[in-house]
Amino acid sequence: MVMPQIKDPIGHLEMRAPPNAVVARGVSKTYGDVEALKNLSLEFPKGQLTSLLGPSGCGKTTLLKIIGGLLEPTAGEIEVNGTPVKGPGPDRAFVFQDFALLPWANVLRNVAFGLELRGAAKSEREAIAEKYIAEVGLSGFEKAFPHELSGGMRQRVGLARALSVDADVLLMDEPFSAVDEQTRRKFQEDLLRLVQNENKTFIFVTHSIEEAVYVSDQIAILLPRPSRVLEIIRPAIERNKNVDNIRRDPEYLDIVDKIWAALRSYVE
Amino acid sequence: MTLFGYRLPGMSSLILWGLLWEIVGRSGMTFFIPPLSEVFLTLFEVIGTPPFLKALSETSYAFAAGVFFALVIGIPVGILMGKNRLVDELLLPWVNIFLSAPLTALVPVLMVLFGFGMRSIIITTTLFAIWIIILNARAGVMQINRSLVEMARSFGATPMVAFYKIYFWAALPEILGGVRIGVIRAVKGVIIGQLLISIVGFGALFELYANNFLMAHFWAVLVVLFALAFTVSEFLAYLERRVSYYAAKR
Amino acid sequence: MASRSLQLKILSAVAVFGAWQIAGMIPVSYAFPTFLESMSALGRMAVDGSLYQAYLETLKPLVVGVAISAFLGIGLGLWIGLSSKFDWLFSPIFIVMQAAPLAALIPLLVMAYGIGLTSKVFVVCIMAMPVIVLNTAGAVRNTPSSIKEMGRSFLGTDVDIILKIIIPAASPVIFSGLRLGISAGFIGAILAELKITPTGVGDIITYSRSIADYPSMYAAIFSIILLAVVFLNIVERLEAYLFEGNVRGYASD
Chain W
0 MVMPQIKDPI GHLEMRAPPN AVVARGVSKT YGDVEALKNL SLEFPKGQLT
50 SLLGPSGCGK TTLLKIIGGL LEPTAGEIEV NGTPVKGPGP DRAFVFQDFA
100 LLPWANVLRN VAFGLELRGA AKSEREAIAE KYIAEVGLSG FEKAFPHELS
150 GGMRQRVGLA RALSVDADVL LMDEPFSAVD EQTRRKFQED LLRLVQNENK
200 TFIFVTHSIE EAVYVSDQIA ILLPRPSRVL EIIRPAIERN KNVDNIRRDP
250 EYLDIVDKIW AALRSYVE
Chain X
0 MTLFGYRLPG MSSLILWGLL WEIVGRSGMT FFIPPLSEVF LTLFEVIGTP
50 PFLKALSETS YAFAAGVFFA LVIGIPVGIL MGKNRLVDEL LLPWVNIFLS
100 APLTALVPVL MVLFGFGMRS IIITTTLFAI WIIILNARAG VMQINRSLVE
150 MARSFGATPM VAFYKIYFWA ALPEILGGVR IGVIRAVKGV IIGQLLISIV
200 GFGALFELYA NNFLMAHFWA VLVVLFALAF TVSEFLAYLE RRVSYYAAKR
Chain R
0 MASRSLQLKI LSAVAVFGAW QIAGMIPVSY AFPTFLESMS ALGRMAVDGS
50 LYQAYLETLK PLVVGVAISA FLGIGLGLWI GLSSKFDWLF SPIFIVMQAA
100 PLAALIPLLV MAYGIGLTSK VFVVCIMAMP VIVLNTAGAV RNTPSSIKEM
150 GRSFLGTDVD IILKIIIPAA SPVIFSGLRL GISAGFIGAI LAELKITPTG
200 VGDIITYSRS IADYPSMYAA IFSIILLAVV FLNIVERLEA YLFEGNVRGY
250 ASD
């Protein structure tokens, strides 16, 4: 069941919002003299999809990697389900922009690789992997190698790998940016279904306004130099009605326009 | 590596190895390794002497001539192979064979055909250098963006103009990469040639020092040689970096 | 188009061997036998067994030297690639070795280790090792950071990441380093036989030159080049077969 979505002013959010799965508090990250993130705070409600949207250089991927525990923040902290993040953990799974598949391993092993690293027995992890391979629609490709797959299929493998470790939070770093437009649309539809069916929290980095509005329950618009959250938007689009109609929904079009108006002055 | 917050420069560990060499040399552990300081003193002694200068000039001459022929033959052949499929298919197997063949085995043939002198050494040097130069020039031409070729044609460039205004420059990063590796191989070739035909250049000098057990002299010449070879290779790597800025953006 | 490429290869071989034959028949030099003379000398040596004897001798330092270089070189390369301290300490030595004409060390090796097998093994090692070390280190260093990050984010331990991600990812480049090392080892092995003591194939070359039996000399040279090229080709095929879809090019020559 998806929350009723009303465009909330930020101040009233806590009253109606579900508990937060991930909370970022005053997170800063500097590389030498460069400030990638400065004192950034954000909340990610449980069971929903939150997009981090912004022009390049706004630190959205940095924030995602800090949440994933792959980078250490210079200041501030991240909490996942109430516990502070010290590094990568079993409660989060990552989907990479460039897929990060092992070129020497077939689909089955790639999907099961997360479980392999966690020490699951071969038969057990392969059974789980099979299930998720079927779920992302790759049945029959278990023995194929990444170089034999299209970009879209490779990302399905990456997605299946992240799903198979059964983490609460899925971190997706521009997962569809390396696939073609049609595949991308299909992915977005599948992603909506996934958010509805799996009781997981999704954090989704993108630089596509349409994509963010289409898939998100909540959009955090990030601005560069210095990095900050410009606005948090909760698109009130009736998603479960029909995926085909979303792109014609006046609400959808309004929000896309509004975000573009806010961002256009920051694009070189 | 960083030490106490300072980034140590890349090659600085060689100082440490030099110190180790000095210690081993001073300990008298082995007759074959004199202290580094002694080697350097000998180096300054040797460097102005006629035999050294003669060896250096002979080697430089053979090296320069060998590299010259490798470039003058290798680059055009490589470009031709990249542009013409028939030439490519006819020559490529041979280029690949000689690229990986143990060319030292050919030196005795050169000796009987061209005599025990400079000519054989120059040819050896060319043989070591040329194949990789051909192969890289070919690869450079073959990777030229189709649209660049079409741009040249659509603006009405004649083949000759297109060649030296576009193809050469478009392939330059690869060509220079090949030249760098080719030159490093040429250094090895010229020394191997001189060792096998050991009556000229450093080959003769090594023989002389080794037979008279002049270890410090031997190492001094070796240090000069290694330093020269390294300088040449670094200089070419620097040139390559100068042009490679556009290699990524073609 | 496979048949066209094969036809052209044959045409190209016929042209070159034909030119050799004609040049030998003119003759361009008293020391330039024809292709057929050289091939018949090769056949003769193959039949009377002297060729196999010679190769047994030649391959000994080559195999031992390449084995030592591969073992030490890959080990050191992994270490250099994984640890920045070792990188700082050891890389410069191998970079200099790679650029320098190490063959110049041969007279010294002969003085230190005599004219036996040890010196020859050393020659093969100093020729073959630098490229193996540098390729291995480069490959380990250049493991795509995204798959290392993937390993970390799915909770892989350092050992897991080295064994299951870094080494498999690096193995194509390590393997091609090995191939280049073998190629350099061949150069070293023959150099050692020509320069240190004539044994094996080097002996055939040197001896037949001294008695002006040029067809045998050319035959021996032809055979060693053929052997090296065929062997390296097989290694390359094996490489393509083993690492299909996982080719990342060479880290260095």
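As they're listed, the protein sequences go chains W, X and R. Going by numbering that gives the first Met the number 0, the first residue of the first sequence is number 0, and it counts up by one from there. Going by numbering that gives the first Met the number 0, the first residue of the second sequence is number 0, and it counts up by one from there. Going by numbering that gives the first Met the number 0, the first residue of the third sequence is number 0, and it counts up by one from there. Glycine included, every Cβ here is placed at the ideal spot set by N, Cα and C.
Nearest candidate by alpha-carbon position, reference residue i, set the options
i              : options                        : result
residue 102(W) : 47(R), 143(R), 193(R)          : 143(R)
residue 102(R) : 241(R), 74(R), 121(R), 117(R)  : 121(R)
residue 52(W)  : 140(W), 21(W), 77(W), 230(W)   : 230(W)
residue 59(W)  : 163(W), 252(W), 223(W), 90(W)  : 223(W)
residue 154(R) : 73(W), 112(W), 95(W), 116(W)   : 116(W)
residue 128(X) : 204(X), 20(X), 180(X)          : 180(X)
residue 210(R) : 46(X), 182(X), 111(X), 233(X)  : 111(X)
residue 24(W)  : 31(W), 49(W), 33(W), 83(W)     : 83(W)
residue 89(X)  : 21(R), 108(R), 7(R)            : 7(R)
residue 192(W) : 181(W), 228(W), 135(W)         : 135(W)
residue 102(X) : 183(R), 205(R), 69(R)          : 183(R)
residue 137(W) : 206(W), 211(W), 119(W), 157(W) : 157(W)
Chain W residues whose Cβ lies nearer than 9 Å to that of residue i
i              : result
residue 11(R)  : Within chain W, no residue comes near residue 11(R); the closest Cβ sits about 32 Å away, beyond 9 Å.
residue 145(R) : 95, 96, 97, 98, 99
Neighbouring residues, chain X, relative to residue i (Cβ below 7 Å)
i              : result
residue 129(R) : Those within 7 Å of residue 129(R) in chain X number zero; the least Cβ separation is about 11 Å.
Residue range of the unbroken beta strand (DSSP E) whose run includes residue i
i              : result
residue 187(W) : No beta strand (DSSP E) holds residue 187(W); the alpha helix (DSSP H) holding it covers 180 to 196.
residue 44(W)  : 33 to 44
residue 19(W)  : 19 to 30
residue 229(W) : 227 to 232
residue 205(R) : Not the beta strand (DSSP E): residue 205(R) falls in the alpha helix (DSSP H), residues 199 to 209.
residue 75(W)  : 74 to 79
residue 50(W)  : 48 to 52
residue 203(W) : 200 to 205
Beta-carbon proximity list for residue i, same chain, < 6 Å, skipping 5 on both sides
i              : result
residue 29(R)  : none
residue 192(R) : 198, 199, 201
residue 78(X)  : 136, 140
residue 39(X)  : none
residue 33(R)  : 20, 23, 24
residue 131(X) : 177, 180, 181
Cβ neighbours of residue i in the same chain (closer than 8 Å, five flanking residues each side left out)
i              : result
residue 29(X)  : 23
residue 116(R) : 59, 60, 63
residue 67(W)  : 87, 91, 93, 170
residue 70(W)  : 28, 61, 64
residue 259(W) : 208
Contact set between residue i and chain W, taken where Cβ atoms lie within less than 7 Å
i              : result
residue 154(R) : 87, 89, 116, 117
residue 159(R) : 116
Opening and closing residue of the alpha helix (DSSP H) in which residue i lies
i              : result
residue 119(R) : 116 to 140
residue 230(R) : 213 to 241
residue 112(X) : 106 to 113
residue 258(W) : 249 to 262
residue 152(R) : 144 to 152
residue 146(X) : 145 to 153
residue 212(W) : 208 to 214
residue 222(W) : Counting along the chain, residue 222(W) falls outside any alpha helix (DSSP H), though it belongs to the beta strand (DSSP E) covering 217 to 222.
residue 244(W) : No alpha helix (DSSP H) holds residue 244(W); DSSP gives it neither H nor E.
residue 160(X) : 158 to 161
Interface partners of residue i on chain R, CB under 8 Å
i              : result
residue 70(X)  : The contacting residues do not exist; residue 70(X) stays about 17 Å from chain R at best.
residue 128(X) : What residue 128(X) touches in chain R: nothing, since even the nearest Cβ is about 12 Å away.
residue 209(X) : 106, 107, 109, 110
residue 232(X) : 98
Amino acids of chain X, ordered along the chain, whose beta-carbon sits closer than 8 Å to that of residue i
i              : result
residue 217(R) : 108
residue 8(R)   : 88, 92
residue 87(R)  : 0, 7, 9, 11, 12
7 Å Cβ shell around residue i - same chain, five flanking residues per side excluded
i              : result
residue 54(R)  : 199, 200
residue 114(R) : 195, 196
residue 166(W) : 89, 90, 91, 92
residue 143(W) : 105, 106
Neighbour list for residue i in chain R, Cβ cutoff strictly below 7 Å
i              : result
residue 69(W)  : 148, 151, 152
residue 175(X) : None at all; the shortest Cβ gap to chain R is about 14 Å.
* Enumerated in chain order, which unbroken segments of the alpha helix (DSSP H) with a length of 4 residues or greater are wholly contained in the stretch 177 to 220 of chain X? -> 200 to 210
* What alpha helix (DSSP H) runs, 4 residues minimum, are completely inside the stretch 11 to 87 of chain X? -> 12 to 26, 35 to 46, 49 to 82
* Ranges of the alpha helix (DSSP H) found wholly within the stretch 26 to 97 of chain R, counting only runs of at least 4 -> 34 to 46, 49 to 81
* Counting only runs of 4+ residues fully inside the stretch 95 to 170 of chain W, write out the alpha helix (DSSP H) ranges in chain order. => 106 to 116, 121 to 134, 150 to 163
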